[in-house]
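Chemist:
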Amino acid sequence: MDRKLLEKLEWRRKEGTVRSLSLSKLNIDFFSNDYLGFAQDGFSTNEEFKFRGATGSRLLSGNSEEALSCESFLANHFNVESSLVFNSGYSANLSLLSTIPQRGDTILYDELVHASIRDGIRLSFAKAISFNHNDLGDLEAKFKLASGSVYVVVESLYSMNGDISPLNDIAKKCLSNNAFLIVDEAHSVGVFGNEGQGLVQELKLESIVFARVITFGKAFGFHGAAILGSKNLVDFLINFARPFIYTTGLPPSDYKLIERLVNNKIIQSRQFDLQSKIEFFRKDLIDKHCYPSDLKSPIQIIQTENIDLTITLAERMKMNGIYTKPIFSPTVPQGKECIRICLHSFNTKEEITQLKSLF
Ligand SMILES: Cc1ncc(COP(=O)(O)O)c(C=O)c1O
């Protein structure tokens, strides 16, 4: 953790203004936003409609035993000191990038990172420089333009073109350049790692990576996200990350569900099914404009020669009841328009064969 940040936190501790997540033991509620009492199970006697809302932000009335238990489970499961749950991956990235790099620091980011990272960078006072996608030489060159503390931001599995980051080499570069590495694992958790912990853990890079962003809305099939890192990082976010501080927390039941979904023994067999479907999809595709090269990626791309062919192919698929996602500029650079195919453990071989017959 950057010394500047620790000093800021220490200053708040000395001043007595440090924020921390506490559980209120009060019986008489004059602090939550539950104006009509609906968040207390009082809405209906019908089981289907019973719920308990957060009633406020985590720092006010919205903290719960469930939230704290989930965060300590996540820290343990992902082999890291601390974790902090966010309402979405978008707000996790916004928090991390807008809060941690300070004025005078530099953010080096892969040109293909997700919009939520870019928006966080826009809100930051740090200087930001992109490097060519997965290009270690360009990253090295960009280190020479950096000043202050340097943060390198990558995704482990890129959401739009489905290729995997050379994380080992990037981690080495960060070590030799004294930089903090941030890895967005939104699309890797669940899919990779022995029990779905993602690529950072599969590569045993937990102690080198400064912060990981994981999401629960993709392979885990729910919603929400978490930042994984040191206790200092989490304390800093609790104190300074506005998208965390100024929003209503998740309902307690969501934390329970997140814990159950992540700690799910079925993950391995689903991972196995998924990998066999990816292998089946890629078989005999060599001459069919299919990339990326990553054999294990659930995101596969069909690159057509031009935008008209992309539109025609997408239409043909739709007419056959097959839903894929055509990606146009500016999401991808002009001339790189493509069809994005997300493979799942539940897609049957017949479905995949039908899909392949269309291009
Ligand atoms: C790489 C990446 N990071 C973050 C997010 C945002 O996650 P969420 O949908 O939970 O807001 C996404 C969503 O598509 C993503 O692809």
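The sequence shown lines up with residues 2 to 360 when you count with the numbering used here. Even glycine gets a Cβ: it sits at the ideal position worked out from N, Cα and C.
1) Taking C-beta to C-beta, are residue 85 and residue 228 nearer than 8 Å?
2) Who pairs with residue 353 in a beta bridge, going by DSSP?
3) Short of 7 Å in beta carbon distance, which residues of its chain neighbour residue 80, apart from the five on each side in sequence? Order them along the chain.
4) Return the chain-ordered list of same chain residues with a C-beta closer than 8 Å to the C-beta of residue 22, the five sequence neighbours on each side being excluded.
5) In angstroms, rounded to a whole number, what distance separates the CA positions of residue 190 and residue 256?
6) Roughly how many angstroms lie between the CA atoms of residue 110 and residue 253, to the nearest whole one?
7) Taking just the CA atoms, how far does residue 174 sit from residue 204?
8) Would you mind stating whether residue 295 and residue 164 have Cβ atoms separated by less than 8 Å?
9) Which residue marks the beginning of the beta strand (DSSP E) containing residue 304, and which one marks its end?
10) Considering only residues of the stretch 120-171, which uninterrupted beta strand (DSSP E) runs meet the minimum length of 3 residues and lie entirely inside it, listed in chain order?
11) Helix, strand or coil, according to DSSP, for residue 311 in the structure here?
12) Is residue 66 near ligand 3, judged by its Cβ being under 7 Å from some heavy atom?
13) Using 8 Å as the threshold, is the stretch 87-105 in touch with the stretch 115-134, meaning 3 or more CB pairs across them?
14) On the DSSP letters alone, give me the boundaries of the alpha helix (DSSP H) that residue 90 sits inside.
15) Assuming the contact rule is C-beta atoms closer than 8 Å, residue 135 and residue 167 should be a hit. Round their C-beta distance to whole Å, please.
16) Work out the CA separation of residue 344 and residue 128 for me, nearest whole Å.
17) Check each candidate in 242, 330, 348, 34 and name the one with the smallest Cα separation from residue 88.
18) When every heavy atom of ligand 1 is checked, does at least one fall within less than 7 Å of the C-beta of residue 78?
19) Just confirm the distance between the C-beta atoms of residue 176 and residue 130, as a whole number of angstroms; I'd bet it's less than 8 Å.
20) Any heavy atom of ligand 1 closer than 7 Å to the beta-carbon of residue 248?
21) Assuming residue 356 contacts residue 323 (C-beta within less than 8 Å), just tell me the rounded distance between them.
22) Below 8 Å, how does it come out for the stretch 316-331 and the stretch 265-282: are there three or more Cβ pairs, yes or no?
23) Going by CA-CA distance only, name the one from 222, 223, 214, 248 that's closest to residue 235.
24) Return helix, strand or coil for residue 86, following the three-state DSSP convention.
25) In whole angstroms, what is the alpha-carbon distance linking residue 217 and residue 233?
26) Any heavy atom of ligand 1 within a distance shorter than 7 Å of the CB on residue 185?
27) Helix, strand or coil: which one does DSSP assign to residue 274?
28) Which residues bound the beta strand (DSSP E) around residue 185?
29) What is the rounded straight-line gap between the Cα of residue 337 and the Cα of residue 66?
30) Taking the C-alpha atoms as reference points, what is the distance between residue 154 and residue 143?
31) Assuming residue 72 and residue 231 are in contact, meaning their beta carbons sit under 8 Å apart, how far apart are those beta carbons, in whole angstroms?
32) Give me, in chain order, the residues of the same chain whose beta-carbon lies closer than 8 Å to that of residue 250; leave out the 5 immediate sequence neighbours on both sides.
33) Quick one: what does DSSP say residue 36 is sitting in, helix, strand or coil?
34) Does the Cβ of residue 158 have 16 or more other Cβ atoms within 10 Å, making it buried, or fewer, making it exposed?
35) So which of 222, 271, 272 has the shortest CA-CA distance to residue 259?
36) Determine which residues share a DSSP beta bridge with residue 213 and list them.
Modeler: Looking at the atomic coordinates:
1) Yes, the pair counts as a contact, with Cβ atoms nearer than the cut-off.
2) DSSP lists no partner for residue 353.
3) Contacts found: 202, 207.
4) If you ignore the 5 residues before and after residue 22, its C-beta comes within less than 8 Å of the C-beta of 59, 60, 64, 68, 69, 239, all in its own chain and listed in chain order.
5) Going from the Cα of residue 190 to the Cα of residue 256 covers about 17 Å.
6) Roughly 35 Å between the two C-alpha positions.
7) One C-alpha to the other measures close to 15 Å.
8) Taking a C-beta distance under 8 Å as the contact criterion, residue 295 and residue 164 qualify as a contact pair.
9) In this chain, the beta strand (DSSP E) harbouring residue 304 covers 300-304.
10) Counting whole runs of 3 or more residues, the stretch 120-171 contains the beta strand (DSSP E) stretches 128-132, 151-156.
11) In this structure, DSSP gives residue 311 a helical state, which the three-state scheme calls helix.
12) Absent from the structure shown: ligand 3. Ligands present: ligand 1.
13) Contact between the stretch 87-105 and the stretch 115-134 is established, with three or more Cβ pairs separated by less than 8 Å.
14) Residue 90 -> alpha helix (DSSP H) spans 90-100.
15) The pair is a contact, with the Cβ atoms about 6 Å apart (cut-off 8 Å).
16) Their backbone Cα atoms lie some 37 Å apart in a straight line.
17) If we check each option's Cα against that of residue 88, 242 comes out closest.
18) No, Cβ of residue 78 sits at least 7 Å from all heavy atoms of ligand 1.
19) Actually they are not in contact, since the Cβ atoms of residue 176 and residue 130 sit about 19 Å apart, beyond 8 Å.
20) No, Cβ of residue 248 sits at least 7 Å from all heavy atoms of ligand 1.
21) Confirmed, about 6 Å.
22) Two segments are said to touch when three or more pairs of C-beta atoms, one from each, lie closer than 8 Å; by this definition the stretch 316-331 does not touch the stretch 265-282.
23) It is 214 whose Cα lies nearest to the Cα of residue 235.
24) Residue 86 falls in the strand class under three-state DSSP.
25) Answer to the nearest angstrom: the Cα atoms are 23 Å apart.
26) Shortest gap from the CB of residue 185 to any heavy atom of ligand 1: under 7 Å.
27) Three-state result, residue 274: helix.
28) Here the beta strand (DSSP E) through residue 185 covers 181-185.
29) A direct Cα-to-Cα measurement between residue 337 and residue 66 gives close to 48 Å.
30) CA-CA distance, residue 154 to residue 143, rounds to 13 Å.
31) Actually they do not touch by this definition, with Cβ atoms about 14 Å apart.
32) Taking residue 250 as the centre and dropping the five residues before and after it, the same chain places the C-beta of 55, 57, 58, 59, 63, 64, 65, 68, 88 closer than 8 Å to its C-beta, in chain order.
33) Note: residue 36 maps to coil in three-state DSSP.
34) So residue 158 counts as buried.
35) Taking only the C-alpha atoms, the option nearest residue 259 is 222.
36) The partner list for residue 213 (beta bridge, DSSP) reads 184, 229.
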